[in-house]
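Below is one structure, written out as structure tokens, with a few remarks after it.
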Amino acid sequence: MSLAKSTARDVMVWMASSTDHLTGKTGLTLTITASKAGAAFASITPTVTERGDGWYSLAITTSHTDTIGDLAIHVTGAGADPTDRLFEVGDPGPFSAVVEGSMSFVEAVRLFLSVLTGKSSGGGTATVVFRDIGDSKNRISATVDADGNRTAVGTRDGA
């Protein structure tokens, strides 16, 4: 999975019971270490939210993604098998886009661009927000419906 440099993101980890190695382990207090770009592992303390059935959401912050390269995360909890995740942190370039909705980033961008070019494209309702990384207050957004009709276009300051 790719992560944009200096961008916060929630990521999921699954913890298996060390008894049978198959059942999701709930009620854990997780210990998390991370390595940035091949450096030594060090403790990190992202906000952890239990989601059920052994799944936990880790709120990775901008301080975790501030180095381009591999971000390796090692997660442990009492009575659970350890879990490892590997992410590639990259430079998002001068612009980024954030999808607000239930579709994939690629689907939302295609839908957004079809509205801007006047070509109809169905697919679902989504809002795509494009923002200049250098100026986080200037953002352009558009919302389209399942038939590709633009339902809202505007700018959002400081959003």
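Note that my numbering has the sequence shown beginning at 26, numbered continuously upward.
Backbone N, C-alpha and C fix where the C-beta goes; we use that ideal spot for every residue, glycine too.
Our two residues, threonine 87 and glycine 104, have alpha carbons roughly 30 Å apart in a direct line. For the 7 Å CB-CB criterion, glycine 79 and tryptophan 39 form a contact. As DSSP reads the structure, alanine 59 sits in a beta bridge with Ala67 and Ile98. Histidine 89 counts as buried, since at least 16 other C-beta atoms from the protein chains shown sit within 10 angstroms of its C-beta. For aspartate 109, the three-state secondary structure derived from DSSP is strand. When the beta-carbon positions are compared, leucine 83 and valine 114 stay at least 7 Å from each other. Under the 10 Å beta carbon count, phenylalanine 112 is surrounded by 16 or more other beta carbons and is classified as buried. Residue state for methionine 26 is assigned as coil, using DSSP reduced to three classes.
For threonine 72, the enclosing beta strand (DSSP E) stretches over residues 72-77. The C-alpha of serine 42 lies about 33 Å from the C-alpha of serine 31. Here leucine 96 is buried, its C-beta having at least 16 other C-beta atoms within 10 Å.
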